[in-house]
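Chemist:
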Amino acid sequence: MTIESVELREIRLPLVRFFETSFGRTTTRRIVLVRVAVGDRTGWGEVTCGEAPLYNHETPETAWHVLRDFLIPWSLQQAWESASRLAARFRPIRGHEMAKAALENALWDVEAQQRGWPLSRLIGGTLEEIPCGVSIGIQESIPELLDQIERELAAGYQRIKVKIKPGWDVEPLEQIRARFPRIALSVDANSAYTLADLPHLKTFDRFGLLMIEQPLHWNDILDHARLQREISTPVCLDESIHNADDARKAIEAGACQIINIKLGRVGGMTSAREVHDVCRARKIPVWCGGMLESGVGRAHNIALSTLPGFTLPGDVSASRRYWTQDIIDPEVTVTPRGTIRVPPTPGLGYTPNLERIEKLTVRKERFGR
Ligand code: OSB
Ligand code: MG
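If you count the sequence shown from 1, position 26 lands on 957 in this note's numbering, and the numbers rise without skipping.
(1) Could you check whether residue 1271 and residue 977 sit closer than 9 Å to each other, using their CB atoms as the reference points?
(2) Mind listing, in chain order, the residues whose beta carbon lies closer than 5 Å to a non-hydrogen atom of ligand 4?
(3) To which residues of the same chain is residue 1303 closer than 6 Å at the C-beta, ignoring the five residues directly before and after it?
(4) Can you give me the C-alpha to C-alpha distance between residue 963 and residue 942, rounded to a whole angstrom?
(5) Can we say the segment 1211–1221 touches the segment 1235–1249, given the rule of at least three CB pairs closer than 8 Å?
(6) What's the C-alpha gap between residue 1144 and residue 1187?
(7) Could you name each continuous alpha helix (DSSP H) segment of 4 residues or more that falls completely within the segment 963–1039, going from the start of the chain to the end?
(8) Using CA coordinates, which residue listed in 1258, 1039 and 998 is at the minimum distance from residue 1030?
(9) Mapping the DSSP letters down to three states, classify residue 1295 as helix, strand or coil.
(10) Could you tell me the boundaries of the beta strand (DSSP E) in which residue 1219 lies?
(11) Please report the residue range of the beta strand (DSSP E) in which residue 1270 lies.
(12) For residue 1226, which of 1090, 1262, 1289 and 1011 has the nearest alpha-carbon?
(13) Return the first residue and the last residue of the beta strand (DSSP E) that residue 952 is part of.
(14) Would you say residue 1029 touches ligand 1, meaning its beta carbon is less than 8 Å from a heavy atom?
(15) How many angstroms separate the CA atom of residue 1277 from the CA atom of residue 1080?
(16) Would you mind working out which of 1190, 1197 and 1040 sits nearest residue 1141, comparing C-alpha positions?
(17) I want to check one thing, is the minimum distance from the CB of residue 1264 to the heavy atoms of ligand 1 below 8 Å?
(18) Within the same chain, show all residues whose beta-carbon is closer than 7 Å to that of residue 1006, passing over the 5 residues directly before and after it, in chain order.
(19) Which residue marks the beginning of the beta strand (DSSP E) containing residue 1133, and which one marks its end?
(20) Alpha carbons only, please: which of 1110, 1012 and 1204 is nearest the one belonging to residue 1046?
(21) What's the gap between the Cα of residue 1151 and the Cα of residue 1172?
(22) Closer than 8 Å to a non-hydrogen atom of ligand 1 - does that hold for the CB of residue 952?
(23) When the Cα of residue 1119 is compared with those of 1041, 985, 1168 and 1000, which residue comes out closest?
(24) Hey, out of 939, 1229, 1231 and 957, whose CA is closest to residue 966's CA?
(25) Measure the C-alpha to C-alpha separation of residue 1286 and residue 1198 and round it to an integer number of angstroms.
(26) If you check the beta carbons only, do residue 1062 and residue 1089 fall under 9 Å apart?
(27) Find the nearest neighbour of residue 958 within the set 991, 946, 968 and 1241, judged by alpha-carbon distance.
(28) Closest to residue 1094 by C-alpha separation, out of 1085, 1106, 1068 and 1072, would be which residue?
(29) Tell me the residue span of the alpha helix (DSSP H) that contains residue 1104.
(30) Can you tell me where the beta strand (DSSP E) holding residue 1060 begins and where it ends?
(31) Please classify residue 1207 as buried or exposed, where buried requires at least 16 other C-beta atoms within 10 Å of its C-beta.
(32) Bridge partners of residue 1065, per DSSP?
(33) At a threshold of 8 Å, does residue 1094 count as lining ligand 1 (C-beta to nearest heavy atom)?
(34) Is residue 978 a contact residue of ligand 1, with contact defined as CB to any heavy atom under 8 Å?
(35) On a Cα-Cα basis, can you pick out the residue from 1146, 991 and 1066 that is closest to residue 1027?
(36) Measuring from the CB of residue 1065, is there a heavy atom of ligand 1 at a distance below 8 Å?
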């Protein structure tokens, strides 16, 4: 595959409803999209970073810089036998995983189209339908939270995850369990606690949670291992896992029983598959996390979720939960069983709507021929 040109663009996409975590509230997403041209084919990728460097160090500006000044020039230098070769070329760059992932994943889209295969098949996926959960942000009141959970359960979602932080944890959980005693429920703290909170975190065991996601520092493994020894709720790591080696170390240390895999956080499809393989060999279940992606990133998440180790419902849900109108056709929809049917058509299986993307674009830059 010879990449003839790469186009970077930033779009602004307002969320249907704000999304709040322990590090703040998002109302409009700034999304950097990457489009690569190989012959007469076009592949798409999405930078999944937040607007501010709060989840990880990346922002739309850092991604734009690293793509424009390093990754794109390198990608134009030679022909690529496969998208994973491009990933190997990017490896010397430290960090900037989400910038790398966007370009590498766009080439995966092209590679799948060239073979005439859906991306899920190209990566070795086996599921035809993936189980879906939802991630529900911090709300202004507990009744609002309960109403939201009720709506998502009615829509069929198989697992509810709620965001927590000190001051928004035990009380909402008590009330959720009072109203929905049996649902598959998990929590995500986005690093809002420390080991000083150990006695408090221990009390969460009574809620019968599927997992507690990333309770401690965003790059920590050792303290999570200490925590996991003290609580019976399974710990799931998100922010701390950047590659397969981190996953191996976390599992060996006993820091988690479950791992959340995000394409952007681990630097693209090649690395995501490696994390999956490390976990699968050690019987650690994984699931696909979300970063409030547009349809482009969502389509990549759907393909990833078809790998056999993805045995838990992920945070990949319907377009309409985020956007009044998504940027792909068709939109991502969820069945009444709480699943997404994986598209059988070549590449992403969803078509980016250029006309709509153009309208949302606030800047654009083209590289190559
Ligand atoms: O920690 O999983 C997270 C959103 C932004 C940043 C971090 C996280 C999330 C989510 C949302 O939980 C998942 C989604 O619905 O895309
Ligand atoms: Mg998380």
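We put the CB at the ideal spot given by N, CA and C, even for glycine. All of these numbers come straight from a predicted model, not from anything done at the bench.
Modeler: So, to answer that:
(1) Taking the first residue of the sequence shown as 1, we reach residue 977 at position 46. Taking the first residue of the sequence shown as 1, we reach residue 1271 at position 340. It is not a contact, given that the beta carbons lie outside the stated cut-off.
(2) Ligands present in the displayed structure are limited to ligand 1 and ligand 2, and ligand 4 is not among them.
(3) Nothing can be reported for residue 1303: it is not among the residues displayed for the chain, which extend from 932 to 1300.
(4) Along the sequence shown, one-based indexing puts residue 963 at 32. Along the sequence shown, one-based indexing puts residue 942 at 11. Whole-angstrom Cα-Cα distance: 6 Å.
(5) yes
(6) Walking along the sequence shown from the start, residue 1144 turns up at place 213. Walking along the sequence shown from the start, residue 1187 turns up at place 256. Straight-line Cα distance between these residues: approximately 9 Å.
(7) 991–997, 1003–1007 and 1014–1021
(8) As a first step, residue 1030 must be located in the sequence shown, where it is residue number 99. Among 1258, 1039 and 998, the Cα nearest to that of residue 1030 belongs to 998.
(9) Numbered from 1 along the sequence shown, position 364 holds the residue referred to as residue 1295. DSSP places residue 1295 in strand when its eight states are reduced to three.
(10) For the purposes of this step, residue 1219 is taken as residue 288 along the sequence shown, with counting starting at 1. Residues 1217–1219.
(11) Here the question's residue 1270 lines up with position 339 in the sequence shown. From DSSP, the beta strand (DSSP E) with residue 1270 extends over 1270–1272.
(12) Here residue 1226 corresponds to residue number 295 of the sequence shown, with the count starting at 1. Nearest C-alpha to residue 1226: 1262.
(13) What you label residue 952 is simply residue 21 of the sequence shown in a count that begins at 1. 936–952 is the span of the beta strand (DSSP E), which, as asked, contains residue 952.
(14) Working through the sequence shown from its first residue, we reach residue 1029 at position 98. For ligand 1, not one heavy atom lies less than 8 Å from the Cβ of residue 1029.
(15) Taking the sequence shown and counting its residues from 1, the one referred to as residue 1277 is at position 346. Taking the sequence shown and counting its residues from 1, the one referred to as residue 1080 is at position 149. Rounded to the nearest angstrom, the two C-alpha atoms are 35 Å apart.
(16) Position 210 of the sequence shown, counted from the start, is the residue given in the question as residue 1141. That would be 1190, whose Cα lies nearest to the Cα of residue 1141.
(17) Mapped onto the sequence shown, residue 1264 falls at position 333. False, no ligand heavy atom lies under 8 Å from that Cβ.
(18) Working through the sequence shown from its first residue, we reach residue 1006 at position 75. Around residue 1006: 934, 937, 1017 and 1034.
(19) The residue given as residue 1133 occupies position 202 in the sequence shown. Where residue 1133 is concerned, there is no enclosing beta strand (DSSP E), although the alpha helix (DSSP H) it sits in stretches over 1129–1133.
(20) In the sequence shown, residue 1046 corresponds to position 115, counting from 1. Of the listed residues, the one whose Cα sits closest to residue 1046 is 1012.
(21) Numbered from 1 along the sequence shown, position 220 holds the residue referred to as residue 1151. Numbered from 1 along the sequence shown, position 241 holds the residue referred to as residue 1172. Rounded to whole angstroms, residue 1151 to residue 1172 spans 9 Å at the Cα level.
(22) Here residue 952 refers to the residue found at position 21 of the sequence shown. Because some heavy atom of ligand 1 lies under 8 Å away, the Cβ of residue 952 counts as near it: yes.
(23) Position 188 of the sequence shown holds residue 1119. Cα-wise, what sits closest to residue 1119 is 1168.
(24) For the purposes of this step, residue 966 is taken as the residue at position 35 of the sequence shown. The residue with the shortest Cα to Cα distance from residue 966 is 939.
(25) Sequence index remark: in the sequence shown, residue 1286 carries index 355 (1-based). Sequence index remark: in the sequence shown, residue 1198 carries index 267 (1-based). About 29 Å.
(26) Locating residue 1062 in the sequence shown gives position 131, counting from the first residue. Locating residue 1089 in the sequence shown gives position 158, counting from the first residue. Yes, the Cβ-Cβ distance between residue 1062 and residue 1089 is below 9 Å.
(27) Within the sequence shown, residue 958 is the residue found at index 27, counting from 1. Checked all of 991, 946, 968 and 1241; the closest Cα to residue 958 is 946.
(28) Here residue 1094 refers to the residue found at position 163 when the sequence shown is read from its first residue. Of the listed residues, the one whose Cα sits closest to residue 1094 is 1068.
(29) The residue you call residue 1104 lines up with position 173 of the sequence shown. Taken as a continuous stretch (DSSP letters only), the alpha helix (DSSP H) holding residue 1104 covers 1101–1110.
(30) Locating residue 1060 in the sequence shown gives position 129, where the first residue counts as 1. From DSSP, the beta strand (DSSP E) with residue 1060 extends over 1060–1062.
(31) The residue given as residue 1207 occupies position 276 in the sequence shown. Its Cβ being crowded by 16 or more others within 10 Å, residue 1207 is buried.
(32) On the sequence shown, residue 1065 is found 134 positions in, with the first residue counted as 1. Paired residues: 1091.
(33) Counted from its first residue, the sequence shown places residue 1094 at position 163. For ligand 1, at least one heavy atom lies less than 8 Å from the Cβ of residue 1094.
(34) The count along the sequence shown starts at 1 and reaches residue 978 at position 47. No, since every heavy atom of ligand 1 falls outside the 8 Å radius drawn around the Cβ of residue 978.
(35) In the sequence shown, counting from the first residue as 1, residue 1027 sits at position 96. Answer by Cα proximity: 991.
(36) Here residue 1065 is taken as the residue at index 134 of the sequence shown, counted from 1. Result yes, Cβ under 8 Å from ligand 1.
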